[in-house]
Amino acid sequence: MIQKLYSERFKYRTPLQTSPRCRERVKSQILNIQKVYFSTIFSIFLLCLLFLAVGCQPQKQAQTPPLQVKVVRVVSGQTFEVLGMGDQPNLISQVRLIGIEAPDLRQRPWGDDSKTSLESLIAEQPVTLEFDVEAKDKIGRTLAYIWKDKILLNEQMVRNGSALFIARSPNHKYDLKLERAQQWARLMGKGIWNPEKPMRVSPSEFRRVNR
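Next comes the structure, spelled out in structure tokens:
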């Protein structure tokens, strides 16, 4: 009797049926969840790469603020000596102009002319030194741009045809100014660009051959 009642109770039960439309909806929801999941994982991965790249970049060194000094001697068209740098006020320091290459003193008459040109601009006068990324060259000279009366004298030396513009990493602050000054000097035939008596060998090549 019990068995009969049990059979009658479940006689009309059928397995759960789902419509095709319902199945498509569930499938679409699952795909959307998967897309969101993988999109989130990919975004996290990109953020990790970004943080890693930023962390691996070298830190820029704080640049020294401009410094006023007095010129005591001009060595060449690109190098001079000053007082007023460092902790010892009477210490003489040598400064090399950034972005230019003056003729070697043995390259006559251009070497002497270049030195004379720089002397006329700065000899025994107060000037302001401005610095770039690299502070010193390989032989210990301070690397600087030199300003007087709001005029960039590195640029003036190139514009006068008293020096070549030479770009050297990592000091590129005024490369565009210097390059334009050289273009003007060449166009006007100034100094080393004088068509009647041009300097045909660069200073670096001259020094390499005449060591």
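In terms of my numbering, the sequence shown opens at residue 2 and continues consecutively. A virtual CB, placed ideally from N, CA and C, is assigned to each residue, including glycine.
Checklist entry - Looking at C-alpha atoms only, which residue of 157, 70 and 202 is the closest neighbour of residue 89? => result 70
Checklist entry - DSSP three-state call for residue 106: helix, strand or coil? => result coil
Next on the checklist: From the DSSP secondary-structure annotation, give me the bridge partner or partners of residue 148.
Outcome noted: 129 and 153
Next on the checklist: Taking only three categories from DSSP, how would you classify residue 71?
Outcome noted: strand
Item to check | Boundaries (first-last residue) of the beta strand (DSSP E) holding residue 210 | outcome: From DSSP, residue 210 is part of no beta strand (DSSP E) but of the alpha helix (DSSP H) over 204-210.
Checklist entry - When DSSP labels each residue in this structure, what does residue 180 get in the three-state scheme? => result helix
Checklist entry - So is residue 162 buried or exposed if we call it buried at 16+ other beta carbons inside 10 Å? => result buried
Item to check | residue 159 (DSSP reduced to helix, strand or coil) | outcome: helix
Next on the checklist: Can you tell me whether residue 35 is helix, strand or coil according to DSSP?
Outcome noted: helix
Next on the checklist: With three or more beta-carbon pairs closer than 8 Å as the criterion, would you say the segment 125-144 touches the segment 68-84?
Outcome noted: yes
Item to check | Stretch-stretch touch, CB-based, cutoff 8 Å, three pairs: the segment 162-175 with the segment 80-96 | outcome: no
Next on the checklist: Counting C-beta neighbours from all protein chains within 10 Å, is the total for residue 74 16 or more, i.e. buried, or is it exposed?
Outcome noted: exposed
Checklist entry - For residue 174, which three-state DSSP category applies? => result coil
Item to check | N- and C-terminal bounds of the beta strand (DSSP E) containing residue 117 | outcome: Element bounds for residue 117: not the beta strand (DSSP E) but the alpha helix (DSSP H), 111-123.
Checklist entry - Just reading off the beta strand (DSSP E) that residue 80 is part of, what are its end residues? => result 80-84
Checklist entry - Roughly how many angstroms lie between the CA atoms of residue 141 and residue 87, to the nearest whole one? => result 14 Å
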